[in-house]
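Below you'll find the structure, written out as structure tokens, and then a few comments.
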Amino acid sequence: MKKEDIVSEYTAKTVAGMEEILQRELDLLGAANTKILKRAVSFEGDKALLYRANYCARTALRILKPILVFPVTKQEDLYNNINRIPWEEYISNESSLAVDAVNATSVFTNSQYVALKTKDAVVDRFREKTGSRPDVDLDNPDLRINIHLFKETCTVSLDSSGSSLHKRGYRHVTGPAPLNEVLAAGLIQLSGWNRTVPFHDPMCGSGTLLIEANMYARNMPSGYFRPVFGFEKWADYDAELWTRIKDEENAKITETGPEIYGSDISSRAIANATENVGFTRFQKQIRLEVAAFENTVPKGTAGIIICNPPYDERMEVDDIITFYKSIGDVLKKKYTGFEAWIISSDLKALKFIGLHPSKKITVFNGPLECRFVRFSLY
Ligand SMILES: C[S@@+](CC[C@H](N)C(=O)[O-])C[C@H]1O[C@@H](n2cnc3c(N)ncnc32)[C@H](O)[C@@H]1O
């Protein structure tokens, strides 16, 4: 068996509500034994799958490789167990590291303290063995360590993604309330869009849904524009394998795709979307215009609309009820034949759309509980 064929267990993290979509994505990429956890999916696979999942799983935020699980009943358990991990197999004393910690136990009161104690345990081991120690680099470390404390159990993992995978590398400018790219990719898949009928976002802001839709429709890997992944700095990094995986996945990108239309009332938002779309070189595939939704003219007689209007949370609206009423009026009057999906945290305002929803899904936009609602305008 070649070293890269060794099967390991991994945990892919995602945003709340996207677990099933992520599981399906990982299954399609060839993962074995996928299991749904809270805001995560565990799976098994070889190194090729690890690279492929980082490159292609649109709804994964990061992919962790657990290396040690141990009970924690008192604070010293954390330091002692982490200090005995042979870190020199993963990094050298000249490398840099960062620690992300999540604490849901009563042993510690604060995640930052857990991260600090973990860092101390790692660097003390190097200091004892070599006389020098790795540096801490929070932004661009050689190794990102993840600590998860839950039910008096600590899981220590290596973060194969590095920075979060929602950082796709294409979004250079944003407006006041951009959607997380992983959430956007998940909403598009949750809608069941067939990737053939035209796609519309009439409140497109910086263009996240449009770009994610175009990448999805053309089989472009979600990591296509990302400059670097965490595993590229690991001691067991296989550059040849990584090149092969990218070549295989890039060969699936299609030249043709559906029509994609974005508009927004704000010329600033369209300027931002134009810049992001320009970076991806999707100018010919994504058509953008400045227009109030009320004044849009439907392109064609059918298609899907997915849109993220202001919720009066991060983006203020003068009169949210009147605004949502007008969205409903425009859909009714102009968009017969279309299917519209709207995500909002304002459940009361959503009712004022005045159309009967044919589906409602609970999703989270950061801390905000939202409904992703379908209106079938046939
Ligand atoms: C929450 S933001 C969308 C963010 C976007 N999904 C992104 O990722 O950047 C809502 C957008 O709706 C736009 N908007 C507000 N009222 C509008 C209207 N009547 N017609 C069209 N766009 C409108 C705002 O200018 C803003 O860009």
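Each number in the working numbering comes from the position in the sequence shown (counting from 1) with 194 added on. Backbone N, C-alpha and C define an ideal beta-carbon position, used for all residues, glycine too. A quick note: this is a predicted structure, and the numbers were derived from the prediction, not measured.
- Under three-state DSSP, which class holds Ile537? Look at Ile537 here: in three-state DSSP terms it is strand.
- Item | Nearest candidate by alpha-carbon position, reference Ser236, set Ser357, Tyr307, Asn227 | Asn227
- How would you call His366, buried or exposed, if buried means at least 16 neighbouring beta carbons within 10 angstroms? Answer is exposed; the Cβ neighbour count stays below 16.
- Item | Classification of Asp221 by the beta-carbon crowding that lies within 10 angstroms, buried from 16 upward | exposed
- Cα-Cα separation between Cys398 and Ser300, rounded to whole angstroms: 43 angstroms
- Message: At a cut-off of 8 angstroms, would you count Tyr505 as near ligand 1, judging by its Cβ distance to the nearest heavy atom?
- Response: yes
- Phe135: first and last residue of the uninterrupted alpha helix (DSSP H) it sits in: Beyond the ends of the chain as shown, which are 195 and 572, falls residue 135; an answer cannot be given.
- Task: Using alpha carbons as the reference points, say which of Asp271, Gly451, Phe320 lies closest to Thr349.
- Result: Asp271
- Message: For Ile536 and Leu381, I'd like the C-alpha separation in whole angstroms.
- Response: 10 angstroms
- Message: I need the straight-line Cα distance from Met195 to Asp432, nearest angstrom please.
- Response: Here Met195 scores only 47 on pLDDT, less than 50, and its place in the model is too uncertain to base an answer on.
- Query: Is Met195 helix, strand or coil when you go by DSSP?
  - Reply: Low per-residue confidence applies at Met195: pLDDT is 47, beneath 50, and the placement is therefore not dependable enough to give any value.
- Task: Locate the alpha helix (DSSP H) running through Thr516, then write down its first and last residues.
- Result: 514-528
- Ala463, DSSP secondary structure in three states: Looking at Ala463 - three-state DSSP - the assignment turns out to be helix.
- Message: Threshold first: 3 residues or longer. Then list the beta strand (DSSP E) segments lying entirely within the region 205-292, N to C.
- Response: 226-231, 234-239, 256-265
- Message: Is Phe517 near ligand 3 - that is, is its Cβ less than 8 angstroms away from at least one heavy atom of it?
- Response: Looking at this structure, you won't find ligand 3 anywhere; what it does contain is ligand 1.
- Taking buried to mean at least 16 other C-beta atoms within 10 Å of its own C-beta, is Phe302 buried or exposed? So Phe302 ends up on the buried side.
- Message: Could you check if Phe320 belongs to the surroundings of ligand 1, using beta carbon to heavy atom distance under 8 angstroms?
- Response: no
- Message: Is Ile480 close to ligand 1? I mean its beta-carbon at under 8 angstroms from any heavy atom of the ligand.
- Response: Answer for Ile480: no, Cβ out of range of ligand 1.
- Query: Is Asn502 near ligand 1, going by C-beta to nearest heavy atom under 8 angstroms?
  - Reply: yes
- Task: Please name the residue in Gln306, Lys553, Thr448, Thr347 whose C-alpha comes closest to that of Gln479.
- Result: Thr448
- Can you round the beta-carbon distance between Ser354 and Gly424 to whole angstroms, since I take them to be within the 8 angstroms contact cut? 5 angstroms
- Task: Taking all protein chains shown into account, decide if His342 is buried (16 or more other Cβ within 10 angstroms of its Cβ) or exposed.
- Result: buried
- Task: Could you spell out the range, first to last residue, of the beta strand (DSSP E) harbouring Gly456?
- Result: 454-458
- Task: Taking 9 angstroms as the cut-off, decide whether the C-beta atoms of Phe473 and Asn408 are in contact.
- Result: Not a contact, by the Cβ cut-off of 9 angstroms.
- Message: Let me confirm a value: Glu443 is counted as buried when at least 16 other C-beta atoms fall within 10 Å, else exposed. Which label applies?
- Response: buried
- Task: Could you tell me the boundaries of the beta strand (DSSP E) in which Asp333 lies?
- Result: First-last for Asp333: undefined, no H or E at that position.
- Task: Could you tell me if Pro280 is buried or exposed, where buried requires 16 or more neighbouring beta carbons within 10 angstroms of its beta carbon?
- Result: The residue is exposed, with fewer than 16 neighbouring Cβ atoms inside 10 Å.
- So who's on the other strand from Ala298, going by DSSP bridges? Partner(s): Phe344.
- Query: Where does Arg568 sit, in a helix, a strand or coil, going by DSSP?
  - Reply: In this structure, Arg568 counts as strand in the three-state DSSP scheme.
- Message: Between the region 459-473 and the region 530-544, can you find at least three pairs of beta-carbon atoms closer than 8 angstroms?
- Response: no
- Is Leu403 near ligand 1, with its Cβ less than 8 angstroms from a heavy atom? Proximity of the beta carbon of Leu403 to ligand 1 is indicated: a heavy atom of the ligand is located closer than 8 angstroms.
- Message: Can you tell me whether Glu368 sits near ligand 1, meaning its C-beta is under 8 angstroms from at least one heavy atom of the ligand?
- Response: Inspection of the sequence shows that residue 368 is occupied by Thr rather than by Glu. Thr368: yes, Cβ under 8 angstroms from ligand 1.
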